[in-house]
Amino acid sequence: MRNFIKNKEAFISEPTLSSCYIEERQDIWVVSIRKTINIIDIDRLVKMLFERIYAYKFDTEGPLLAIFHQKDWKRKKADVELLFPIKNDKNEEYLTVLPGGMYACVNVKGPYSELHYGYKRLKRWVEEQSLHVEGMYMEQYIKGLVPPK
């Protein structure tokens, strides 16, 4: 800690952003849960999703995803949908398909609180490329929130 202070380095540096890119994705089965929550309670929603995965004996495949359908930063609330890719299609009535297609992407490495830099870069890039956004922005948590197997 003294080295940080002595060298005047930040405790948490700014996020590292990749170049924006287009990725073609296939349809995937996901188990999901959607709720309007206080942002601070996102961990509880993750827990509820894992309870559902355990109850129906789903095998996960891939990282946790989140779609923020609506955010109210003043009240610190959000309509959040958490999704987890599933290996099989058993208990289909509890699953949904995340549609494939062309996805505009940017990778953000850094604290979650700095994610807005990624959104800004991606939105600007989409405009510069004269692309049209269909649907909601989706976050994919490559590291964090869920431990690797």
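Under this note's numbering, the first residue of the sequence shown is numbered 3, with each subsequent residue one higher. Quick reminder that beta carbons are idealized off the backbone N, C-alpha and C, glycines included.
Remark: C-beta atoms of residue 43 and residue 89 do not approach each other more closely than 8 angstroms. Within a 10 Å sphere around the beta-carbon of residue 133 sit fewer than 16 other beta-carbons, which makes this residue exposed. Residue 80 is classed as buried because its beta carbon has at least 16 other beta carbons within 10 Å across all chains shown. Look at residue 34 here: in three-state DSSP terms it is strand. Here DSSP, grouped into helix, strand and coil, assigns residue 48 to helix. Counted as a single uninterrupted DSSP element, the beta strand (DSSP E) harbouring residue 141 occupies residues 140-143. Under the DSSP assignment, residue 120 falls in the alpha helix (DSSP H) whose first and last residues are 118-130. With contacts defined by Cβ atoms closer than 8 angstroms, residue 19 and residue 120 form a contacting pair. Counting along the chain, residue 103 sits inside the beta strand (DSSP E) bounded by residues 103-107. At a Cβ-Cβ threshold of 8 angstroms, residue 69 and residue 33 do not count as neighbours. Distance between residue 25 and residue 102, taken at the CA atoms: about 10 angstroms.
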